[in-house]
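The next block holds one structure in the form of structure tokens; read it before the comments.
Residue numbers (the numbering used here): 1 to 606.
Have a look at this one:
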């Protein structure tokens, strides 16, 4: 009996614009849960160096630095080679880092002591399957201990072993073993369809794909499986309808993979089946499960499965992309770039891959190298908007606003008729113009951005605040900020703008109310704390105001703002009657996250 799965398949389309950072830290639950083995404390003469190596490995693993973790586990094992816990930990890390030979040695050692150890059996099953030893592979997969992931993996793997022996009927019978598990329906339907296609059972395949697309209508893998099946039967019209339905649901018509698929179908070109042999089918098992495990935060085991997918199917683009994303989560940007470099230059995603490489170079503080990669992309394909806007974002993040304006202007110049999806180009260029103190150009761009996307809270806030800050269009500016907060009421930066707008308008009691709320939502922002302090001072709560200014100082404001805050701590704010105009706004220091994702914060460039 297969244990009930503890997770649900999430519809993640690798290669789509997502491939976002995955949450969590590395944790193979039944492996990592083990503390330092009793044996580590049983040998006092060895404990210091052994403990140091173990702790260093554990620290590296928690931070997803698998290469460093593997090296430290090797050191620990050299001091205590018989330690079962260390062997298990080292095995998972070596496999996740792609060190297949070393991982195989450790896996063999593990199953001699613990014959049903899940990860080792799975790994050795793949090794033997790849070597053509089907009987040995099946024996390993059969020996997997009972667990949700183990049962699912074992069942699917055994089905593909059957198919590799030209036993399509037997493969379909094995897959039926997971039919009753609600949370396994995606895997059941997908692999049933794939096996049926290769076994010549087209009716079974079509029925499975129909249910799969109904279950996962926004899934790109489900779409590929269905269109491959339909075009194989020369039903190109049905395949085109399937893509149109997908685009309507996902708004994914601009994705390069979808564009390539549409072009092929428009020319009645046969779409390859998602998998064309048993090796690729088994690789699909480890890709899809690895993707899911990584999405749940089990990064090392997820990476191991993805490595197995690439091992089974060299050049497997989807697995390579997901593996690189996992490596990015661990901040192993150089390793991720190596993985990206292994993706074929003929891939429809090659531009996105190179942009990701540029962003990783930026994270490694190699800004000019990142810019060079993007400039090369621009020179190779000057009509492509993506490299231009990526370069603009890069320059803006590093406050090179003049260069940012140049890139955004080139992108905007390519637009025949700007639409809502292009509003960011004008918004970001407007923000760059504002930082260059070219307000007329900034205002024109921000107004245009709002015209294209009238309900965008960040554009509403930026334009509205800028007007209030300049004492112009006060009523409309405040209306824009209020609307922005209504759209994103829990965004501390937007609430701060609303409070500061009331401050600038002299409504200090209302300002206190909103700025206190902003501090609750974004307590680590120095600008918000500074604003709250100013508002408290104006309503006579001077002791509390000094506390907030001190708090703002502790949060490391911009150098030019630090002295202003120190002056307020020393002297307070001047009396209202001596102020010709309200005090200027303090610019917020950009965090790394805001630099990488400039639309996350409302006023990262005021």
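Note that the Cβ used here is the ideal one computed from N, Cα and C, for glycine as well. All figures in this text were calculated on a predicted structure; none of them were measured in a lab.
Alpha carbon to alpha carbon, how far is residue 118 from residue 139? Give it in angstroms, no decimals. In the chain shown, the residue the question calls residue 139 occupies position 139. In the chain shown, the residue the question calls residue 118 occupies position 118. Answer to the nearest angstrom: the Cα atoms are 13 Å apart.
In the DSSP assignment, find the alpha helix (DSSP H) that holds residue 607 and state where it starts and stops. Any property of residue 607 remains undetermined from this structure, which presents the chain solely from 1 to 606.
If you draw a straight line from the C-alpha of residue 520 to the C-alpha of residue 468, how long is it? Along the chain shown, read from residue 1 onward, the residue named residue 520 stands at position 520. Along the chain shown, read from residue 1 onward, the residue named residue 468 stands at position 468. In this structure, the CA atom of residue 520 is about 24 Å from the CA atom of residue 468.
Endpoints, alpha helix (DSSP H) assigned at residue 114: Translated into the one-based positions of the chain shown, residue 114 becomes position 114. It is not in any alpha helix (DSSP H) - residue 114 carries neither H nor E in the DSSP assignment.
Which word fits residue 566, buried or exposed, when buried means at least 16 other C-beta atoms lie within 10 angstroms of its C-beta? Within the chain shown, numbered from 1, the residue matching residue 566 stands at position 566. Looking at its Cβ environment, which holds fewer than 16 other Cβ atoms inside 10 Å, residue 566 is exposed.
So the candidates are 94, 558, 474; which of them puts its Cα closest to the Cα of residue 302? In the chain shown, counting from the first residue as 1, residue 302 sits at position 302. Answer by Cα proximity: 94.
Residue range of the unbroken alpha helix (DSSP H) whose run includes residue 356: Here the question's residue 356 lines up with position 356 in the chain shown. Counting along the chain, the alpha helix (DSSP H) containing residue 356 begins and ends at 350-363.
Below 8 Å between beta carbons: does that hold for residue 328 and residue 360? In the chain shown, the residue the question calls residue 328 occupies position 328. In the chain shown, the residue the question calls residue 360 occupies position 360. Taking 8 Å as the cut-off, the Cβ atoms of residue 328 and residue 360 count as close.
Which of helix, strand or coil DSSP assigns to residue 97: Stepping through the chain shown from its first residue, residue 97 is reached at position 97. DSSP places residue 97 in coil when its eight states are reduced to three.
Could I get the ranges of all uninterrupted alpha helix (DSSP H) runs contained in the segment 241-313, with 4 residues as the minimum, in chain order? The segment 241-313 contains these whole alpha helix (DSSP H) runs: 256-266, 278-295, 299-312.
Within a Cβ cutoff of 7 Å, which residues of the same chain sit near residue 30, ignoring the five residues on either side of it in sequence? Within the chain shown, the letter at position 30 stands for residue 30. Note on residue 30: pLDDT 30, under 50, position unreliable in the model; no value is reported.
Use the C-beta contact count for residue 382: other C-beta atoms within 10 angstroms, 16 or more gives buried, fewer gives exposed. Your numbering for residue 382 matches position 382 in the chain shown. Of the other Cβ atoms in all chains shown, fewer than 16 fall within 10 Å of the Cβ of residue 382; this residue is therefore exposed.
Apart from the five residues just before and just after residue 399, which ones in its own chain have a Cβ nearer than 8 Å to its Cβ? Mapped onto the chain shown, residue 399 falls at position 399. Answer for residue 399: 435, listed in chain order.
Here's a check: name, in chain order, each residue in its chain whose Cβ is nearer than 7 Å to the Cβ of residue 449, leaving out the five neighbours to either side. As a position in the chain shown, residue 449 is number 449, starting the count at 1. 423, 426, 427, 430, 459, listed in sequence order.
Would you call the segment 159-171 and the segment 195-212 in contact, with 3 or more CB pairs under 8 Å? Touching, per the Cβ criterion.
Which value, in whole angstroms, describes the spacing of the CA atoms of residue 575 and residue 531? For the purposes of this step, residue 575 is taken as the residue at position 575 of the chain shown. For the purposes of this step, residue 531 is taken as the residue at position 531 of the chain shown. So the two alpha carbons sit approximately 17 Å from each other.
Have a look at residue 204 and residue 191 and give me their C-alpha separation to the nearest angstrom. Position 204 of the chain shown holds residue 204. Position 191 of the chain shown holds residue 191. Distance between the alpha carbons of residue 204 and residue 191: 11 Å.
Could you check whether residue 487 and residue 455 sit closer than 8 Å to each other, using their CB atoms as the reference points? Within the chain shown, the letter at position 455 stands for residue 455. Within the chain shown, the letter at position 487 stands for residue 487. With respect to the 8 Å criterion, residue 455 and residue 487 are classified as neighbours on the basis of their beta carbons.
Out of 391, 478, 432, state which residue places its alpha-carbon closest to the alpha-carbon of residue 401. Mapped onto the chain shown, residue 401 falls at position 401. Taking only the C-alpha atoms, the option nearest residue 401 is 432.
Status (buried if at least 16 other CB within 10 Å, exposed otherwise) for residue 554: By one-based count along the chain shown, residue 554 stands at place 554. Looking at its Cβ environment, which holds fewer than 16 other Cβ atoms inside 10 Å, residue 554 is exposed.
Residue from 298, 316, 509, 516 whose Cα sits closest to the Cα of residue 92: Your numbering for residue 92 matches position 92 in the chain shown. The option with the nearest alpha carbon to residue 92 is 298.
Taking only runs that begin and end inside the segment 401-484, name each unbroken alpha helix (DSSP H) of 4 or more residues, in chain order. If we require 4 residues or more, the alpha helix (DSSP H) runs fully inside the segment 401-484 come out as 401-413, 423-435, 439-452, 457-469.
Give me, in chain order, the residues of the same chain whose beta-carbon lies closer than 6 Å to that of residue 319; leave out the 5 immediate sequence neighbours on both sides. Start at 1 with the first residue of the chain shown, and residue 319 comes out as number 319. Around residue 319: 287, 306, 309, 310.
Does residue 109 pass the burial test, meaning 16 or more other C-beta atoms within 10 Å, or should it be called exposed? The residue given as residue 109 occupies position 109 in the chain shown. For residue 109, the number of other beta carbons within 10 angstroms of its own is at least 16, and it is reported as buried.
Of the residues 246, 227, 236, which one's Cα is nearest the Cα of residue 217? Counting from 1 along the chain shown, the entry for residue 217 is found at position 217. If we check each option's Cα against that of residue 217, 246 comes out closest.
Alpha helix (DSSP H) segment containing residue 147, residue limits: By one-based count along the chain shown, residue 147 stands at place 147. Note, residue 147: premise wrong, no alpha helix (DSSP H); not H, not E.
For residue 14, count neighbouring Cβ atoms within 10 angstroms of its own Cβ and tell me buried if that reaches 16, exposed if not. Position 14 of the chain shown, counted from the start, is the residue given in the question as residue 14. Here the model assigns residue 14 a pLDDT of 35, short of 50, so the residue's position is not dependable and the matter cannot be decided.
Report all residues from its chain with a CB closer than 8 Å to the CB of residue 452; omit the five preceding and five following residues, and keep chain order. Within the chain shown, residue 452 is the residue found at index 452, counting from 1. Cβ neighbours of residue 452 within its own chain (closer than 8 Å, five residues either side excluded): 418, 419, 420, 422, 423, 426.
Cβ-based neighbour list, residue 11, same chain, cut-off 6 Å, excluding 5 preceding and 5 following: As a position in the chain shown, residue 11 is number 11, starting the count at 1. With a pLDDT of 35 at residue 11, under the threshold of 50, the predicted position of this residue should be treated as unreliable, and no value is reported.
Taking all protein chains shown into account, decide if residue 379 is buried (16 or more other Cβ within 10 angstroms of its Cβ) or exposed. The residue you call residue 379 lines up with position 379 of the chain shown. Under this definition residue 379 is an exposed residue.
Looking only at its own chain, which residues have a Cβ that is under 6 Å from the Cβ of residue 223, when we skip the five neighbours before and after it? Sequence index remark: in the chain shown, residue 223 carries index 223 (1-based). Within the same chain, residue 223 has close Cβ partners 246.
If you follow the alpha helix (DSSP H) that residue 204 is part of, which residue opens it and which one closes it? As a working mapping, residue 204 is identified with position 204 in the chain shown. 202-215 is the extent of the alpha helix (DSSP H) around residue 204.
Going by alpha carbons, who is nearest to residue 209 out of 126, 239, 296, 516? Taking the first residue of the chain shown as 1, we reach residue 209 at position 209. Of 126, 239, 296, 516, the residue nearest in Cα terms is 239.
Which complete alpha helix (DSSP H) runs does the segment 507-546 hold, if anything under 4 residues is left out? Here the runs fully enclosed are 508-521, 526-538.
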